[in-house]
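**Student:** Protein sequence lines, in the order shown, are assigned to chains G and R. Remember, our numbering sits 8 above the position in the first sequence when you count from 1. Remember, our numbering sits 214 above the position in the second sequence when you count from 1. Glycine residues also receive a C-beta, built at the ideal position from the N, C-alpha and C atoms. This structure is a prediction, so every number in the text was calculated from the model and none was measured.
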Amino acid sequence: MTTASPRTRESRGGYRIGIDTGGTFTDVVVGDSSGILSVGKALTTRERISRGILEGLGVAAAPLGTDAGALLRQTAVFIYGSTRATNAILEGKTARTALLVTHGFPDILVRREGGKTNPWDYTADYPEPYVPRQLTFEVQGRITAEGNELVPLDESGATALLHRLGALHVEAVAVCFLWSIANPDHELAVGRLIERELPGIPYTLSHQVNPIVREYRRASSAAIDASLKPLMQQHLREMESDLRAAGLAGELLPAISLGGVMHIDGVIDRPIHMVRSGPSLAPILGQVIGAAETGATDVIVCDTGGTSFDVSLVRDGRPVFGRDTWLGARYTGHLTGLSSVDARSIGSGGGSIARVDSGGLLCVGPESAGADPGPACYGRGGTHATVTDAALLLGYLDAEYFNGGRMRLDTGAADAAVGRVAAQLGKSAEDTAAGILVVASEHMVAAIKEITINEGVDPRDSLLLAGGGAAGLNIVPIARELACTRVLLPRMAGALSACGAQYTDIVTEFAVSHVTASSHFDYAGVNRLLSGLGISVGAFEQSLRTRGITRFRTDYFVEARYRYQVWELEVPLPDGRIAGPEQLRSVVEAFHRAHESIFAVSEADQEIEFIQWKGRVTGELERPPLTPFSASTAAAPPPDGYGKAYFQSTGPVEIPRYRGAALTPGMRIEGPALIVEPTTTIVLYPGSAATVTPFNNYMVNV
Amino acid sequence: MSTQRKPLDQVVIAVLANRLDSIVREMTNTLFRTGRSAILNTAKDFSCSIITADNQLLSSADGLPIHVLGGGRQTQSMQEFHPDLAAGDAFLHNDPYLGNTHTADHTILVPVFVGGLRLFTVAAKAHQADCGNSDPSTYMPFAKDVYQEGGLNFPCVRIQRDYQDVQDIIRMCRRRIRVPEVWYGDYLAALGAARIGERRLKALVDRYGADTIGEFVHEWLDYSERRMKHAIRALPAGRLIAEGRHDTLPGLPDGIPVKVIIEVKPAEGIVEVDLRENIDCVPVGVNLSQTCATAGALIGVLNCIDPGVPRNEGSFRRIRILLRENCVVGIPRFPACTSMATSNVTNRLINATQRAFSMLGDGHGLAEGAASMGAGFGVVSGNDRRHGGAPFVNQLVIGNNGGPGSPVCDGWVTYCMPDAAASVMVDSVEIIEQKYPLLIRSLRLVEDSGGAGRQRGGPAGEITYGPLHDPMTVAYFAEMHEDPPKGTHGGGPGSASAVYKVHRDGREEPIPPIGLVELQPGEFIRGFEAGGGGYGDPLTRDPERVRHDVMEGWVSLAQAKDVYGILLSGARADASLRVDAAATAAQRRLLAQA
């Protein structure tokens, strides 16, 4: 890895820091225009997130001959990925939130949009609404589809209601009235009442967070956003002030579910954008590395952390996005109303706890020991046997060199913890430990199958790319189970998402609704509006320019549909305006073509309705380049040492242990063996072998 | 051909089975995103499927049970009438006497050719906004025969050749369907779905080869049959008889009895459903088509079988359904009207079948599900002055029928009704108000409407709506007004349906449960659909669940006490409700003795 002196950074625009805080570990990756420089890992400190971040930064700074403070002072872009918002929802730790709706419509969140995945299944209860009925309240007032006020807002009733909410200890309020997108007056008025009657209580108005037609989606967006505000606003503000105090001068950009990053003020205002943002960075790395290493355009990206296992896909060279983002299962979970990277997430990772259930069956996860107390072997008071403890007992981890030697693992504690499970099972400690890994692998295989085989994708046709601190422990048996012949583990595999952060851009969208039709097109109105969008786009670009970002791409689109349709297609506006009939004709033709190519039919003489006009600005951040090394013909160096290990196929064996730093492109290691990287350990099971690729990553033939 | 072929890899079988499902889901997405009427682009009252060259249903992911289970009979008529089948063909089929469900469901069939061989047929069946019936409604409950019904009939006619529309057929539809532009757009949506299915299947065969695909089809259907056989073997043996009754109709003062006789034969791995002991066809629009009679019985059985067993023609081999000619629940005799074949009597049939299964013992079968197509499922029509007085017709799918209690869970809320079983989506209030000139005044779920039980029935919904500017007609069909869904194993019935007209002065007048009403601006229709039946004795319901039901407004304090025997202290308003364990035990003893 190249290291340059910190002084040269400023002239090149400074460092780029990518952070990924998971439930257990905080990953840090530092890069600049010459490449990725350094990686660090620290335990996540939930009570004050910046502590773990600064510790990880310190780790990453050391090889660069500097410290966290100096690094931060020379950082241009700081990208923050976090599972905090998602986990808060999954763990039911969001604010106690009330929902105010139009009188007569209390069940919007209960009924969602209907639908059920398996109509033959009568074994599951109907899911609870995001906000319970007991905290959903009706307010008199009605706007029509045309935006007219049919029934005036009952302000005194609303005021009395807000007093009741105070007494019910409500911590956040969401407001969604019918047709607030056509006329927001009632929502705005209630917003003012909330500020007056419940000062300090955060609230979200549906027309502001997600101005779309369809009351369920808008109400759900508002409810999720409001419920996250107390927690996420405090979290983000505290982190920002801590990092600024530690010296950060550059841009602080949280990753958002759309797959890019956003300015921190925007996210503080709309924390819903951070929901499901966690898995959005990993496929970006899959896309970049997959293409560079093998030219693969279809990649399965697995990220095994301490708490969770996330799988996402790259298909045809792009991360797979879902237009509808469900928290939980489709139909029965909650729609965020926004699109996001399509990823499956299960509670399985290095910290997953093993236990024996009442029927005598070995279970692993979804409960995790997290970072605190963590697995028994961390020696922080944890007593539960975890996947990490099992791996240590099996000799798959180097107790002296965990996390680059910054943590010593307590072998005795791991043995004791696994021993307790073994006693319950009546098996040997080794067989129990191996069993814990098998069960954990099984869950992960099922998650991969769900996003591939269940969607009709044969995993064997894709490149399998694995990362996350615990990935190397069992990726070989997982790949074997999927009948994949090889797995790519990036050198920085331990910090997959933080690495992905090195390759993201700033993406912001400006949108204005204005309905017009092809037969009586409103040229003046549309061009006025497009000029307005151009001004917003220009101002945004200017604000980025002052922050040192110089390369932009602005694309204009219109969302259009045939008359009577209710779902739109996005059509590009290459000129950014529609000057006359000629340009209109070309947009109309582009719509017919898009409809034909996506839906197999078009209707040449049908009127087209134009609904929403959008300008999307991409501020291109400087990316660390990927340059191949020339492969050496040198044989692998002698191992760093030997250790005892246990595999089910071989029983106890003595295996070599290699330090990753000593391995260069072209070298090959035969299993059984361990390759120890500072942030991850790759277990080469008997029969597998690893080769260091030209880009200095590991390709494991399983 | 080599004779020594290795059996197909299990992973390939799993991948292909899921790939077919994902092709069907992509077809479904195409129709949903491109449809023009709300019943398609919002309520999703349509289904897509893949059928084998020899007319066996292969995949119907996300489809409505009633739509997809009879697909094979329709492709049979395509084969029979069109020996010159070729790539580029598409057929319009809505003939209930030739395998379709009812006239309002237009089915587009596209034969899929690869290398000159016909390997599959893809089908997209969609409930139309209008089908040219004599009333502006896709349901004609009172029509005495098909002539009075009046809908345009297409007995599997070619609507595309060489990928081009056959204009004669298009013109027929455009002339006689009340909303020609919407119809044509919906036709394109269904055609697009079928063409997407065709493209994807061709790519799949190119990738795996016709031999592998052929072998897969064979293996998959056999595998599905084995799974079903295994599931039936786990059931107790028994002869089960259940009866239901459709509400009264003009000329049918006793309503329409529905009788189901089931033989469960675990030793043979067979379930037999005999529907022959039912009355002859009736001179109203509720006779079942043969497809609906078959599908209705199948749905009832499948609802009681391990949901993991694949639902296709392979597993259906283990279910025998016995029908007779000229029977209201069987094979209709022309010209009997089957306009409402997908819903009314079919829903009674499904309910009787799944309730019969509960007679195998607690742990089997289901209670009855609600099936009212009242105001919340009315067909609205009129003219829209916002669009130059353009005509509109569309069935609303916004009401709420409660699902049946099962041995292990409460009734589904957005159940729709037995024939669609929650596969249909729910209309958005805003989309409906945007597309049609009406105002919805309220839409809420009703307290105490789900049948009481250890597992409670799902709740009914209330809805009130009316025209904004000009008169509007609503055709509605609130079955289950007289005979609400039954519970089982001690579970209570769900609430009954009802319909009211709300006059300008606010007065509410009960109107016949099945009918057609014209509303002036300022007038509203108000309707209640039905609640689902409960499963098991309400006195055995977990007290904490009853407390939660009261907190959430599903069950009143009075019902909690009088029916569930649960006494609660504290108040709902400040979330302080708690179960009073001692008082509850006493109350439950008291109720048990009564």
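What does G:N126 reach in chain R if we use C-beta pairs closer than 7 angstroms?
**Tutor:** Position 118 of the first sequence, counted from the start, is the residue given in the question as residue 126 of chain G. G:N126 reaches chain R at P521, counting residues in chain order whose Cβ is nearer than 7 angstroms.
**Student:** For R:P727 and R:L333, what's the separation of their Cα atoms in angstroms?
**Tutor:** Along the second sequence, one-based indexing puts residue 727 of chain R at 513. Along the second sequence, one-based indexing puts residue 333 of chain R at 119. Spanning the two alpha carbons is a distance of roughly 47 angstroms.
**Student:** The region 456-473 of chain G: which residues have C-beta closer than 7 angstroms to a C-beta of chain R, in chain order?
**Tutor:** I461, N462, E463, G464 and D466
**Student:** What's the C-alpha gap between R:R440 and R:D349?
**Tutor:** Stepping through the second sequence from its first residue, residue 440 of chain R is reached at position 226. Stepping through the second sequence from its first residue, residue 349 of chain R is reached at position 135. Near 47 angstroms, if we compare the C-alpha coordinates of R:D349 and R:R440.
**Student:** I need the DSSP call for G:A501, collapsed to helix, strand or coil.
**Tutor:** The residue labelled residue 501 of chain G in the question sits at position 493 within the first sequence. If DSSP states are grouped into helix, strand and coil, G:A501 belongs with the helices.
**Student:** According to the neighbour-count rule (16 or more other Cβ atoms, all chains shown, within 10 Å of its Cβ), is G:G314 buried or exposed?
**Tutor:** Mapped onto the first sequence, residue 314 of chain G falls at position 306. It counts as buried.
**Student:** Identify the contact partners of G:T131 in chain R, using a Cβ-Cβ distance below 8 angstroms as the criterion.
**Tutor:** In the first sequence, counting from the first residue as 1, residue 131 of chain G sits at position 123. Under the 8 angstroms cutoff, chain R gives P521, S620, V622 and C623.
**Student:** For the region 106-118 of chain G, which residues have a CB atom closer than 7 angstroms to at least one CB atom of chain R, in sequence order?
**Tutor:** G112, F113, P114, D115 and V118
**Student:** Taking one C-beta from the region 244-253 of chain R and one from the region 468-484 of chain R each time, how about it: are there three or more such pairs within less than 8 angstroms?
**Tutor:** no
**Student:** At a Cβ threshold of 8 angstroms, is G:A304 touching chain R?
**Tutor:** Residue numbering aside, residue 304 of chain G sits at position 296 when the first sequence is read from its first letter. Chain R contact via Cβ: absent.
**Student:** Which first and last residues belong to the beta strand (DSSP E) in which G:T672 is found?
**Tutor:** Taking the first sequence and counting its residues from 1, the one referred to as residue 672 of chain G is at position 664. From DSSP, G:T672 is part of no beta strand (DSSP E); its letter is neither H nor E.
**Student:** Would you give the residue range spanned by the beta strand (DSSP E) that R:V622 belongs to?
**Tutor:** Here residue 622 of chain R refers to the residue found at position 408 when the second sequence is read from its first residue. First-last for R:V622: undefined, no H or E at that position.
**Student:** Going by C-alpha to C-alpha distance, which of G:I27, G:A639 and G:Y211 sits closest to G:S90?
**Tutor:** As a working note, residue 90 of chain G is residue 82 in the first sequence. Selected option, being the one with the closest Cα: G:I27.
**Student:** Below 7 angstroms CB to CB, which residues in the same chain sit around G:G679 once its five sequence neighbours on both sides are set aside?
**Tutor:** Here residue 679 of chain G corresponds to residue number 671 of the first sequence, with the count starting at 1. The beta carbon of G:G679 lies closer than 7 angstroms to those of L692, Y693, P694, G695, S696 and A697 in the same chain, with the five residues before and after it left out.
**Student:** Identify which residue in G:G39, G:V515 and G:D233 has its Cα closest to the Cα of G:A93.
**Tutor:** The residue labelled residue 93 of chain G in the question sits at position 85 within the first sequence. For G:A93, the nearest C-alpha among the options comes from G:D233.
**Student:** Using CA atoms only, rank isn't needed, just tell me which of R:F305, R:T687 and R:Y377 is closest to R:P369.
**Tutor:** Within the second sequence, the letter at position 155 stands for residue 369 of chain R. Selection R:F305, R:T687 and R:Y377 evaluated against R:P369 yields R:F305 as nearest (Cα-Cα).
**Student:** What is the DSSP secondary structure of G:T396, reduced to helix, strand or coil?
**Tutor:** Here residue 396 of chain G refers to the residue found at position 388 of the first sequence. Here G:T396 sits in helix by DSSP.
**Student:** Measure how close the beta-carbons of R:A635 and G:P127 come, nearest whole angstrom, since I'm counting them as under 8 angstroms.
**Tutor:** Here the question's residue 635 of chain R lines up with position 421 in the second sequence. Here the question's residue 127 of chain G lines up with position 119 in the first sequence. Going by Cβ atoms, the distance from R:A635 to G:P127 rounds to 4 angstroms, so yes, they are a contact pair.
**Student:** Threshold first: 4 residues or longer. Then list the alpha helix (DSSP H) segments lying entirely within the region 250-298 of chain G, N to C.
**Tutor:** 272-277
**Student:** Would you say R:M765 reaches chain G, if we count a Cβ-Cβ gap shorter than 8 angstroms as a contact?
**Tutor:** Residue 765 of chain R sits at position 551 when you count from the first residue of the second sequence. Taking Cβ atoms only, chain G reaches closer than 8 angstroms to R:M765, which makes this a yes.
**Student:** Taking Cβ to Cβ, would you say G:P78 is nearer than 8 angstroms to G:G66?
**Tutor:** Translated into positions along the first sequence, residue 78 of chain G becomes position 70. Translated into positions along the first sequence, residue 66 of chain G becomes position 58. The displayed chain sequence assigns Ala, not Pro, to residue 78 of chain G. Taking 8 angstroms as the Cβ cut-off, G:A78 and G:G66 do not qualify as a contacting pair.
**Student:** Where DSSP assigns a beta bridge to R:Q374, which residues make up the other side?
**Tutor:** Along the second sequence, read from residue 1 onward, the residue named residue 374 of chain R stands at position 160. Partner(s): R:A304 and R:D379.
**Student:** If you count every other CB in all the chains shown that lies within 10 Å of the CB of R:N526, and 16 or more means buried, which is it?
**Tutor:** Residue 526 of chain R sits at position 312 when you count from the first residue of the second sequence. Classification for R:N526: buried.
**Student:** Please identify the residue among G:W621, G:R536 and G:E146 whose C-alpha is closest to the C-alpha of G:E578.
**Tutor:** Sequence index remark: in the first sequence, residue 578 of chain G carries index 570 (1-based). Ranking the options by Cα distance to G:E578, first place goes to G:W621.
**Student:** For R:S597, does the three-state DSSP call read helix, strand or coil?
**Tutor:** On the second sequence, residue 597 of chain R is found 383 positions in, with the first residue counted as 1. Here residue 597 of chain R turns out to be Asn, not Ser, going by the sequence shown. Strand at R:N597.
**Student:** Round the Cβ separation of G:G73 and G:T34 to the nearest angstrom and send it over; I've been treating them as touching at under 8 angstroms.
**Tutor:** Here residue 73 of chain G refers to the residue found at position 65 when the first sequence is read from its first residue. Here residue 34 of chain G refers to the residue found at position 26 when the first sequence is read from its first residue. Actually they are not in contact, since the Cβ atoms of G:G73 and G:T34 sit about 22 angstroms apart, beyond 8 angstroms.
**Student:** When burial is assigned at 16 or more other CB atoms within 10 Å of the CB, is G:T144 buried or exposed?
**Tutor:** Here residue 144 of chain G refers to the residue found at position 136 of the first sequence. That one is buried.
**Student:** Curious, which full-length alpha helix (DSSP H) runs of at least 4 residues does the region 86-111 of chain G contain?
**Tutor:** Taking only runs of at least 4 residues, the alpha helix (DSSP H) segments lying wholly in the region 86-111 of chain G are 92-98.
**Student:** Taking C-beta to C-beta, are G:E154 and G:A190 nearer than 8 angstroms?
**Tutor:** Here residue 154 of chain G corresponds to residue number 146 of the first sequence, with the count starting at 1. Here residue 190 of chain G corresponds to residue number 182 of the first sequence, with the count starting at 1. Yes. Within cutoff.
**Student:** Would R:N255 count as contacting chain G if we go by Cβ distances under 8 angstroms?
**Tutor:** Locating residue 255 of chain R in the second sequence gives position 41, where the first residue counts as 1. By this cut-off, R:N255 is an interface position.
**Student:** For R:M694 versus R:C551, is the C-beta spacing smaller than 8 angstroms?
**Tutor:** One-based indexing of the second sequence puts residue 694 of chain R at position 480. One-based indexing of the second sequence puts residue 551 of chain R at position 337. No.
**Student:** Taking the C-alpha atoms as reference points, what is the distance between R:Q609 and R:D382?
**Tutor:** Residue 609 of chain R sits at position 395 when you count from the first residue of the second sequence. Residue 382 of chain R sits at position 168 when you count from the first residue of the second sequence. Their backbone Cα atoms lie some 27 angstroms apart in a straight line.
**Student:** Quick one: is G:P262 near chain C, going by C-beta distance under 8 angstroms?
**Tutor:** You won't find chain C in this structure, because its protein chains are G and R.
**Student:** Please compile the residues from chain R whose C-beta is within a distance smaller than 9 angstroms of the C-beta of G:P192.
**Tutor:** Position 184 of the first sequence, counting from 1, holds the residue named residue 192 of chain G. Annotation: G:P192 has no Cβ neighbours in chain R at a cutoff of 9 angstroms; minimum Cβ distance is about 14 angstroms.
**Student:** If you reduce the DSSP assignment to three classes, tell me which class G:Y138 lands in.
**Tutor:** Taking the first residue of the first sequence as position 1, residue 138 of chain G is located at position 130. Coil, per DSSP.
**Student:** Going by beta carbon distance, what residues of the same chain come within less than 6 angstroms of R:G499, once the five residues before and after it are set aside?
**Tutor:** As a working note, residue 499 of chain R is residue 285 in the second sequence. Here the set comprises M354, P355, A357, C551, S553 and M554.
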